[in-house]
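Data block below; observations after.
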Amino acid sequence: MSQSIDLRSDTVTRPTPEMRAAMAAAEVGDDVYGEDPTVNRLQAVAAELMGKEGALFMPSGTMANQVAVRAWTEPGDALMAARDAHVYLYEGGGAAALSGVQAALIGSDGLFRLEDVQAAAAPDDIHFARTRLVCVENTHNRSGGRIFPRSDAVAIGDWARARGWSLHLDGARVFNAAVASGDSVEEIASPFDSVSFCLSKGLGAPVGSLLCGDKAFIDRALRIRKLFGGGMRQVGGLAAAGLYALDHHVERLAEDHEKARFLAASLEGVPGIEIRGVPETNIVVIKAGNAPALSARARDNGVLLSLMDACTLRAVTHLDVSHEAVARAAAVLVRIQAEDGA
Ligand code: TLP
3 MSQSIDLRSD
13 TVTRPTPEMR
23 AAMAAAEVGD
33 DVYGEDPTVN
43 RLQAVAAELM
53 GKEGALFMPS
63 GTMANQVAVR
73 AWTEPGDALM
83 AARDAHVYLY
93 EGGGAAALSG
103 VQAALIGSDG
113 LFRLEDVQAA
123 AAPDDIHFAR
133 TRLVCVENTH
143 NRSGGRIFPR
153 SDAVAIGDWA
163 RARGWSLHLD
173 GARVFNAAVA
183 SGDSVEEIAS
193 PFDSVSFCLS
203 KGLGAPVGSL
213 LCGDKAFIDR
223 ALRIRKLFGG
233 GMRQVGGLAA
243 AGLYALDHHV
253 ERLAEDHEKA
263 RFLAASLEGV
273 PGIEIRGVPE
283 TNIVVIKAGN
293 APALSARARD
303 NGVLLSLMDA
313 CTLRAVTHLD
323 VSHEAVARAA
333 AVLVRIQAED
343 GA
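Residue 182 in the working numbering sits at position 180 of the sequence shown; the count goes up by one each step and never skips.
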């Protein structure tokens, strides 16, 4: 397994020696008392980067999203999200289980526009769940790391807030969106009332996400994080990994995007495989009628992919796969597809 080229996710990276050194050197304290200086520094840096009043360190992106859902809603409310948004599809039914919230699913390929939100908005009538929250995912995982257009986020935010709804950004990969689009993360985050982002994906930290928003939101989120079991103690070592990642691993995301484009181009035109467009960031979605068999054969040949469904595979580029490794993975996929697939 250790020799495999692991393209299942950008979550699989291991901390670099320099990141480990930063972790080992971190000053720590009990963060439930608010006394971990490194966590406090990371939270201040995150808030500043996102242009929000505050930020909270979270064990995972899932918890960050679910704390946001709970903070913005009451049981019986509805949220709106893309049909295959992580917050709805990949979080264990958390919005229903933890917040008593149902979802109205809109758009396609992770994208939606103001018209989609307006069309799905329920009338103000006691029969309907009250919509309280719109969740946007940028970049969008399931569609192959697509960037959500900022102009759409601004239009949706203005319309939603005028109705008293809130707008949450699942920015697990918001730094990928920033590097690829040239917009700053602050610009991307500005239409949103709350933003979550992950240190443990393309940024290469072993764990951790931040949830950012205004002071009143962060005060509510702190109580909910405790309720959900996310109060951590001497966690400065992990925060130090995050600070290191923010200092050293942002600009290099462009290399991951380049590797994803290379992989997609190498697979383009291979019989039995379809690549949906040029990857905008670091995720390649591969459509193949024989996806389960192709994924098993790839694994046996030292290439690990995610099987998303019976006809969809995902390859994600990251810090721990070199350009050369991606080229080898592409050659393996082309060869086994020629042998088995077409
Ligand atoms: N995504 C993981 C899996 O859960 C699918 C992956 O390998 O891509 N938002 C988005 C957009 C995500 O892609 C993920 C993780 C999360 C939230 C949740 O983050 P974690 O895994 O830290 O809970």
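The beta carbon of each residue, even a glycine, is placed where N, CA and C say it ideally should be.
The ligand TLP has no heavy atom closer than 7 Å to the beta-carbon of GLU20. DSSP assignment within the segment 269 to 307 yields the following whole alpha helix (DSSP H) runs of 4 residues or more, N-terminal first: 293 to 302.
A check of alpha carbon separations from LEU269 across ALA317, GLN236, ARG299, GLY304 identifies ALA317 as the nearest.
When secondary structure is reduced to three states using DSSP, GLN236 falls in the coil class, being assigned neither helix nor strand. Rounded to whole angstroms, the Cβ separation of ALA131 and ALA80 is 4 Å, and the two are in contact under 8 Å.
Note that the segment 43 to 59 touches the segment 191 to 211; at least 3 beta-carbon pairs, one per stretch, sit closer than 8 Å. ASP172 carries a strand assignment under DSSP once its states are collapsed to helix, strand and coil. Proximity of the beta carbon of SER11 to the ligand TLP is indicated: a heavy atom of the ligand is located closer than 7 Å. Within a 10 Å sphere around the beta-carbon of GLY204 sit 16 or more other beta-carbons, which makes this residue buried.
Per DSSP, reduced to three states, the secondary structure at VAL209 is coil, with no helix or strand assignment.
Assigned with DSSP and collapsed to three states, THR141 falls in coil, not helix or strand.
Under a 10 Å Cβ-count criterion, GLY271 is classified as exposed, with fewer than 16 other Cβ atoms of the shown protein chains found around its own Cβ.
Looking only at ARG144, VAL138, ASN143, GLY215, the smallest Cα-Cα distance to ASP154 is reached by VAL138.
Taking a contact as a CB-CB distance under 8 Å, the pair GLY31 and GLN236 counts as one, their CB atoms being some 7 Å apart.
Rounded to the nearest angstrom, the Cβ distance from ALA300 to ILE285 is 16 Å, too far for a contact under 8 Å.
The Cβ atoms of TRP167 and VAL136 lie closer than 8 Å to each other.
Around the CB of ALA266, 16 or more other CB atoms lie within 10 Å, so the residue is classed as buried.
Ranked by how close their Cα comes to the Cα of THR75, the residues ALA27, ASP38, ALA182, PHE219 have PHE219 in first place. A distance below 6 Å between beta-carbons, with the five flanking residues on each side excluded, links GLY56 to the following residues of its chain, in chain order: ALA49, LYS217, ILE220.
When DSSP reads this structure, VAL103 sits in no beta bridge, so it has no partner. Residue ILE149 holds the alpha-carbon nearest to the alpha-carbon of HIS259 among ILE149, ILE128, PHE59. A direct Cα-to-Cα measurement between SER183 and GLU282 gives close to 9 Å.
For VAL187, the enclosing alpha helix (DSSP H) covers residues 187 to 191. Put simply, the segment 169 to 178 does not touch the segment 222 to 229. Fewer than three CB pairs are less than 8 Å apart. Here VAL280 is exposed. Its C-beta has fewer than 16 other C-beta atoms within 10 Å. Remark: three or more beta-carbon pairs, one from each stretch, lie closer than 8 Å, so the segment 83 to 101 and the segment 60 to 74 are flagged as touching. One Cα belongs to ALA24, the other to GLY147, and the distance between them is close to 30 Å. Between ASN292 and ILE338, the gap from beta carbon to beta carbon reaches 8 Å or more. Annotation for THR40: the continuous alpha helix (DSSP H) segment containing it runs 39 to 52. Spanning the alpha carbons of THR40 and ARG22 requires a straight line of approximately 15 Å. Annotation for THR64: the continuous alpha helix (DSSP H) segment containing it runs 63 to 74.
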